[in-house]
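Engineer: What the sequence shown shows, in mature numbering (1 follows the signal peptide of the UniProt record, and there is no 0), is residues -21 to -1, 1 to 175, in sequence order. Note that the Cβ used here is the ideal one computed from N, Cα and C, for glycine as well. Let me give you the structure first, and then I'll get to my questions.
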Amino acid sequence: MSSAHVLQALCLLMVFSTASAQHGYMHDTGEEWVNTWRQGFNFQCPHGEVLVAIRSYFSEKEGSDRLWNFECQRTPYDWGEPNECWWDDINRAGLEWSSVCTNNGLVAGVQSKYFEAVLDREWQFYCCRYARRCPYSLLKTNDVPEYHREEGEMVVPSYGYFIRGAQTTFSGVLRDRQWKYILCRMTDFDCQFENF
C-alpha cells in the first residue's frame, strides 16, 4: 500500500470518527450522551423545536462530572417558526444560578463547559421566541436529581408545557448540582407583554 493510500485511509478514519463523536457518546450505561467526561458541549434542538426532556448520569471518578442527554419536540404548528433565537445569560462554575429565558423565550438548547479546578460546569441556555406568545402557569419541578450523585431525569409533564429556565444549586462538598426546572404553558394568542 502506498503512502498516499495510507494517508487517505487515515484521513477517512479521522473524518468518520469525528462525525460519530459529534452524534453522541456511548458510555457503559448503554445510552447515547451529547458529551464525554470533562468536555464542553453545545446542544441545540432542530429549528422550530424546544427541549422537553433532560437526563444526566453522574460519576465521581470522572471528575464529579455528568453525562447529558436531551430530547426535543416540535412546537405547536400554529406558532409558526421562531421569531428569534439567542444565547441567554451564563452562570459561573461553582455558583448557584437561576435563569429564565428573557423576552418570553423557551429553552431550545444548552451549552456547557467543564472547569477542572472547581469540578463543575458553567451553563447557558439557548432560547427561542415565538410570535408574541406569553408564558403563564409557571411551575418549578422538584429537585433533579432528588439526591446528589444520582441519575437525573426530567420530562415535561404533558404536551403544552415547555421549559422556560432553571434554578440550580451546587454542593461544594459533594461536587454536584441539583436542578429545579421552570416550566410554563404559552398563550394561544399574541400578548402585549415583553417579559413575564
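In angstroms, rounded to a whole number, what distance separates the CA positions of Glu75 and Asp122?
Structural biologist: So the two alpha carbons sit approximately 14 Å from each other.
Engineer: Apply the 10 Å Cβ neighbour rule to Arg34 and answer buried if 16 or more other Cβ atoms are within range, or exposed otherwise.
Structural biologist: Under this definition Arg34 is a buried residue.
Engineer: Taking the C-alpha atoms as reference points, what is the distance between Asn83 and Phe20?
Structural biologist: Approximately 25 Å, taken between the alpha carbons.
Engineer: For Gly88, which option in Ala96, Phe94, Val79, Glu95 has the closest C-alpha, if you only look at C-alpha atoms?
Structural biologist: When only C-alpha atoms are compared, the closest one is Val79.
Engineer: Put Asp169 into one of helix, strand or coil per three-state DSSP.
Structural biologist: Correct three-state label for Asp169: coil.
Engineer: Rounded to whole angstroms, what's the CA-CA distance from Leu46 to Phe94? Just pull it up for me.
Structural biologist: Using only the alpha carbons, I get a separation of about 15 Å.
Engineer: What separation, rounded to the nearest whole angstrom, lies between the Cα atoms of Gln90 and Gly131?
Structural biologist: Their backbone Cα atoms lie some 18 Å apart in a straight line.
Engineer: What distance in whole Å lies between the Cβ atoms of Asp155 and Ser77, which are believed to be in contact at a cut-off of 8 Å?
Structural biologist: Incorrect: roughly 18 Å between the Cβ atoms, too far for contact.
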